[in-house]
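Note sheet for the following structure.
Chains as they are written, first to last, in the working numbering: chain A, 12 to 183; chain B, 2 to 306.
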């Protein structure tokens with residue numbers, strides 16, 4: 012019981028708007044690093060992961076609209092079609108919002124399975140759009156789902172640690 | 002900064018499903034408009050200008066790493082490299098001399114035959130700013146854009162041959178689609194026997210396809226394909242690819258010919274943009290049916306007596 016309570020507290024950690032914006036900013040920068048070849052196929056979807064984190068932890072602050080705007084920026088940077096990433100990230104954010112309550116019940120390892128399913132859906136949306144417009148799919152693209160879901164645990168730990176207050180307020 | 006809004010039960014705006022539907026439809030409309038028409042190019046340009054500094058920032062660590070690597074290169078490496086370059090230069094110089102005499106001879110012969118001269122084209126140097134970030138595409142960005150008078154459609158080459166074509170121009174960048182991209186076709190000529198054909202990208206980084214050649218086409222493994230210059234986009238006689246595999250199966254109407262690109266499509270950092278290919282003479286207008294009928298009459302008349 013006590014442990015559950017502690018976990019609940021973890022979920023209610025404060026997050027300033029500046030912190031949320033900064034996390035997205037860093038995710039976008041990581042995504043734009045010059046990845047190439049197999050590294051490109053294995054590159055985790057940093058923006059998608061951070062988006063999913065905020066959608067499950069602060070669903071009232073970060074939602075589908077935010078996901079869509081982010082997607083448009085990534086579309087321009089990647090020279091993909093306008094709306095391709097936006098659509099994929101909207102679906103991802105929706106999944107995060109729907110699973111928000113449920114994901115809180117599970118520990119991190121169980122969460123990454125959920126994350127895997129959500130990312131797979133989002134990646135599929137992107138691939139289907141590409142397939143409809145260009146007529147082919149590069150299958151190695153889906154490797155990114157695996158690396159992304161593996162990154163879920165370290166990423167959650169990192170963001171939680173950064174959000175935790177520097178000093179315990181109950182100390183005194 | 003405690004987030005108290007988690008306890009709002011009512012007044013939450015449209016539901017998640019409604020928002021998903023709204024943004025999905027918005028994305029799909031954008032997708033449709035972008036795929037079919039080119040209305041969104043100006044919006045793209047504006048956003049590209051906004052994110053340009055960020056993109057440069059992400060490329061910075063790599064550049065610093067390379068720069069540092071160059072700075073601390075050992076001297077004996079430099080000496081060895083210098084020696085090698087000298088040798089290369091000597092070899093190239095003889096070839097260049099030969100070529101100059103050939104060129105002079107060629108010019109003279111062309112003059113004798115009264116053929117229009119092959120005009121020279123100018124090149125512009127550009128550096129690769131960053132490579133493609135989408136596994137589906139064979140594209141890269143170079144650091145010359147509208148500011149340097151780059152135009153969409155210009156060919157991009159390196160010392161090995163054709164790398165690709167400029168497909169989109171931003172103020173300080175341009176997007177180059179590589180010849181290995183699925184959507185790119187290059188008109189070529191086989192050096193050995195002059196067969197004209199079109200080579201298509203395969204989507205694979207190291208392969209091109211020579212399609213629609215009959216099973217008995219005279220194309221062999223090792224043949225070098227150069228641009229024919231007939232499209233007015235690529236200057237003539239630039240190496241494009243080498244045939245690496247020919248499959249002739251009589252069950253199919255066409256032979257399956259696979260080529261490897263000769264340019265270091267994924268290797269170099271410095272590229273050249275071909276900035277002014279001489280314009281081809283205007284294409285004659287298609288003849289109307291009336292003309293055809295008249296000509297037919299003439300031919301009939303001529304053949305009667």
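Yeah, the Cβ is synthetic: ideal placement off N, Cα and C, and Gly gets one too.
Do you know how far the Cα of residue 258(B) is from the Cα of residue 316(B)? Since the displayed chain B opens at 2 and closes at 306, residue 316(B) lies outside it and no answer follows.
Can you round the beta-carbon distance between residue 161(B) and residue 264(B) to whole angstroms, since I take them to be within the 8 Å contact cut? Yes, they are in contact, since the Cβ atoms of residue 161(B) and residue 264(B) sit about 4 Å apart, within 8 Å.
Just the C-alpha distance for residue 115(A) and residue 93(A), rounded to the nearest angstrom, thanks. If you take the alpha carbons of residue 115(A) and residue 93(A), they lie about 34 Å apart.
Rounded distance between the beta-carbons of residue 228(B) and residue 241(B), thought under 8 Å: Residue 241(B) to residue 228(B), Cβ: 6 Å. Contact.
Residue 152(A): first and last residue of the uninterrupted alpha helix (DSSP H) it sits in: Counted as a single uninterrupted DSSP element, the stretch harbouring residue 152(A) is not any alpha helix (DSSP H), since DSSP gives it neither H nor E.
Residue 34(B) vs residue 41(B) beta-carbon contact at 9 Å: Their beta carbons are under 9 Å apart, which means residue 34(B) touches residue 41(B) by this criterion.
Consult DSSP for residue 73(A) and reduce its assignment to one of helix, strand or coil. Residue 73(A) falls in the coil class under three-state DSSP.
Use the C-beta contact count for residue 29(A): other C-beta atoms within 10 angstroms, 16 or more gives buried, fewer gives exposed. With fewer than 16 Cβ atoms within 10 Å of its Cβ, residue 29(A) is classed as exposed.
From residue 167(A) to residue 89(A), what distance separates their C-alpha atoms? Using only the alpha carbons, I get a separation of about 26 Å.
State the DSSP-derived secondary structure class of residue 121(A), mapped to helix, strand or coil. In the three-state reduction of the DSSP assignment, residue 121(A) falls in the helix class, which pools H, G and I.
Using a Cβ cut-off of 9 Å, pull out every chain A residue sitting near residue 255(B), in sequence order please. Residues of chain A passing the Cβ test: none, with the nearest at roughly 19 Å.
Can you give the beta carbon distance from residue 133(A) to residue 21(B), rounded, assuming they're within the 8 Å contact cut? Between residue 133(A) and residue 21(B) a beta carbon distance of about 12 Å is seen, past the 8 Å cut, so the two are scored as non-contacting.
Cβ closer than 9 Å: which chain A residues qualify as neighbours of residue 176(B)? Those are 90, listed as they occur along chain A.
Would residue 112(A) count as contacting chain B if we go by Cβ distances under 9 Å? No, residue 112(A) lies away from the interface with chain B (no Cβ there is under 9 Å from its Cβ).
When the Cα atoms are used, what is the spatial distance from residue 107(B) to residue 220(B)? When rounded, the distance between both Cα atoms is 28 Å.
Using 9 Å as the limit for Cβ to Cβ distance, is residue 161(B) near chain A? No, residue 161(B) does not count as interfacial toward chain A.
Touching or not, the stretch 68-76 of chain B and the stretch 142-159 of chain B, by the rule of three or more beta carbon pairs under 8 Å? Output reads no: the stretch 142-159 of chain B does not touch the stretch 68-76 of chain B.
So residue 24(B) is in the alpha helix (DSSP H); what residue range does that whole segment cover? Counting along the chain, the alpha helix (DSSP H) containing residue 24(B) begins and ends at 17-37.
Give me the Cα-Cα distance between residue 275(B) and residue 207(B), rounded to the nearest whole angstrom. Linking residue 275(B) to residue 207(B) through their CA atoms gives a straight-line distance of about 23 Å.
Using a Cβ cut-off of 9 Å, pull out every chain B residue sitting near residue 174(A), in sequence order please. Chain B residues near residue 174(A): none, gap ~11 Å exceeds 9 Å.
Neighbour flag for residue 2(B) against chain A, beta carbons, 9 Å: Only weak support exists for where residue 2(B) lies, its pLDDT of 43 falling under 50; the value from the coordinates is given anyway. With 9 Å as the cut-off, residue 2(B) counts as an interface residue toward chain A.
Against chain A, does residue 204(B) count as a neighbour if the rule is that its beta carbon must be under 9 Å from one of theirs? Under the 9 Å criterion on CB atoms, residue 204(B) is classed as interfacial with respect to chain A.
Fully enclosed by the stretch 186-252 of chain B, which beta strand (DSSP E) runs are 3 residues long or longer? Qualifying beta strand (DSSP E) stretches, in chain order: 186-191, 197-202, 209-211, 225-228, 240-248.
For the candidate residues 176(B), 94(B), 140(B), whose alpha-carbon lies nearest to that of residue 45(B)? Of 176(B), 94(B), 140(B), the smallest CA-CA separation from residue 45(B) is found for 176(B).
Closer than 8 Å is the cut-off here; do at least three beta carbon pairs connect the stretch 57-66 of chain A with the stretch 23-32 of chain B? Not touching, per the Cβ criterion.
Please confirm if residue 45(A) has its CB atom under 9 Å from at least one CB of chain B. Yes, residue 45(A) counts as interfacial toward chain B.
Would a C-beta distance cut-off of 9 Å place residue 87(A) and residue 52(B) closer than the cut-off? A contact, by the Cβ cut-off of 9 Å.
For residue 97(A), three-class secondary structure by DSSP: Of the three classes helix, strand and coil, the one that applies to residue 97(A) here is helix, per DSSP.
Within 8 Å, do at least three Cβ pairs link the stretch 145-158 of chain A to the stretch 39-56 of chain A? Cβ pair count under 8 Å is three or more, so yes.
Exposed unless 16 or more other CB atoms sit within 10 angstroms - verdict on residue 54(B): So residue 54(B) counts as exposed.
For residue 59(B), decide whether its Cβ has a neighbour in chain A, counting only Cβ atoms nearer than 9 Å. Taking Cβ atoms only, chain A reaches closer than 9 Å to residue 59(B), which makes this a yes.
Expressed to the nearest angstrom, what Euclidean distance is found between the alpha-carbon atoms of residue 97(B) and residue 86(B)? In a straight line, the C-alpha of residue 97(B) is about 15 Å away from that of residue 86(B).
Range of the contiguous beta strand (DSSP E) that encloses residue 275(B): Residue 275(B) -> beta strand (DSSP E) spans 271-275.
Based on Cα-Cα distance, which residue from 239(B), 233(B), 261(B), 256(B) lies nearest to residue 283(B)? Looking at the Cα atoms, 233(B) is the closest of the given residues.
Extent of the continuous beta strand (DSSP E) to which residue 125(B) belongs: Element bounds for residue 125(B): 124-132.
Endpoints, the alpha helix (DSSP H) within which residue 62(B) is located: Looking at the DSSP string, the run of the alpha helix (DSSP H) that includes residue 62(B) is 42-72.
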